[in-house]
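As structure tokens, the structure follows; a few thoughts come after it.
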Amino acid sequence: MSEENQPPAKPEANPVPSRRTVLMLGAVAASSVVTIRPALAQTAGSVLNCQIPVPDPGRSGQYVAPDGRVVSPGTPGAFPPPGRPLRGEDVKNAMRGRPLPGYGYSQSQAYTNYVRRLQAGMSGFTCYASLQMPRG
10 MSEENQPPAK PEANPVPSRR TVLMLGAVAA SSVVTIRPAL AQTAGSVLNC
60 QIPVPDPGRS GQYVAPDGRV VSPGTPGAFP PPGRPLRGED VKNAMRGRPL
110 PGYGYSQSQA YTNYVRRLQA GMSGFTCYAS LQMPRG
């Protein structure tokens with residue numbers, strides 16, 4: 010057969026990308042990393058600044074028992090609510106065994122136990138749940 014009678018050559022199934030294509034893909038990947046990293050850092054920062062009211066606003070004026078239950082004022086061993094919501098960063102440190110700033114060990118434990126009892130739909134739950142997420 011002569012060259013004129015041969016069927017056209019099939020294109021390669023896995024063509025090798027050109028240097029230009031590889032460089033363009035690298036540039037796109039690098040810009041993605043530059044864009045995503047600040048967003049992750051901002052998310053981590055906002056998680057540490059979130060707030061958890063103790064107890065939730067619907068039960069304000071109630072006290073917190075050592076096991077974290079919300080009880081009526083005057084219950085023996087119960088603590089009055091903190092004067093302001095707890096910060097996410099302080100709660101995260103308290104869950105690692107440190108006391109909450111401005112409170113003694115027992116009071117910190119009671120407030121931390123309250124936070125551990127939070128469930129979906131309760132004020133402060135989203136903050137607590139985000140503190141549990143692993144950060145990479």
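Just so it is clear: in the sequence shown, position 123 is 132 by the numbering used here, and no numbers are missing.
Even glycine gets a Cβ: it sits at the ideal position worked out from N, Cα and C.
Since we're looking at a predicted model, the values are computed, not measured.
Quiz prompt | Proximity winner among G70, G92 and N102, relative to G83 (alpha-carbon distances) | solution = Counted from its first residue, the sequence shown places residue 83 at position 74. The residue with the shortest Cα to Cα distance from G83 is G70.
Quiz item: How do the region 130-138 and the region 72-88 stand: do at least 3 beta-carbon pairs fall below 8 Å, yes or no?
Solution: Not touching, per the Cβ criterion.
Quiz item: Whose CA, out of M33, L34 and R96, lies closest to the CA of V63?
Solution: Residue mapping note: residue 63 aligns to position 54 of the sequence shown, counting from 1. Shortest Cα-Cα distance from V63 to any of M33, L34 and R96 involves R96.
Quiz item: Over what stretch of residues does the alpha helix (DSSP H) that includes R125 continue unbroken?
Solution: To locate residue 125, count along the sequence shown from 1; it is residue 116. First-last of the alpha helix (DSSP H) with R125: Y114 to R125.
Quiz item: In angstroms, rounded to a whole number, what distance separates the CA positions of A87 and D76?
Solution: As a position in the sequence shown, residue 87 is number 78, starting the count at 1. As a position in the sequence shown, residue 76 is number 67, starting the count at 1. Linking A87 to D76 through their CA atoms gives a straight-line distance of about 9 Å.
Quiz item: How long is the line joining the alpha carbons of L32 and V25, rounded to whole angstroms?
Solution: In the sequence shown, the residue the question calls residue 32 occupies position 23. In the sequence shown, the residue the question calls residue 25 occupies position 16. Each residue's Cα considered, the two are about 13 Å apart.
Quiz prompt | Identity of the residue in G111, G113, V100 and V79 nearest Q60 by Cα | solution = Translated into positions along the sequence shown, residue 60 becomes position 51. Cα-wise, what sits closest to Q60 is V100.
Quiz item: For T121, is the classification buried or exposed, using 16 other Cβ atoms within 10 angstroms of its Cβ as the cut-off for buried?
Solution: By one-based count along the sequence shown, residue 121 stands at place 112. Buried, by the Cβ-count rule.
Quiz prompt | Between the CA atoms of S27 and E98 - distance to the nearest angstrom | solution = For the purposes of this step, residue 98 is taken as residue 89 along the sequence shown, with counting starting at 1. For the purposes of this step, residue 27 is taken as residue 18 along the sequence shown, with counting starting at 1. Approximately 49 Å between the Cα atoms of the pair.
Quiz prompt | Rounded C-alpha distance that separates L127 from R29 | solution = Counted from its first residue, the sequence shown places residue 127 at position 118. Counted from its first residue, the sequence shown places residue 29 at position 20. Looking at the two C-alpha atoms, the distance is approximately 54 Å.
Quiz prompt | Option in V124, Q141 and M142 with minimal Cα separation from D65 | solution = Taking the sequence shown and counting its residues from 1, the one referred to as residue 65 is at position 56. That would be V124, whose Cα lies nearest to the Cα of D65.
Quiz item: Which residues share a DSSP beta bridge with Q141?
Solution: Working through the sequence shown from its first residue, we reach residue 141 at position 132. Note: Q141 sits in no beta bridge, so no partner.
Quiz item: Using CA coordinates, which residue listed in N58, G67 and L34 is at the minimum distance from G130?
Solution: In the sequence shown, the residue the question calls residue 130 occupies position 121. It is G67 whose Cα lies nearest to the Cα of G130.
Quiz item: alpha helix (DSSP H) containing M131: first to last residue?
Solution: Taking the first residue of the sequence shown as position 1, residue 131 is located at position 122. Element bounds for M131: n/a, residue is neither H nor E.
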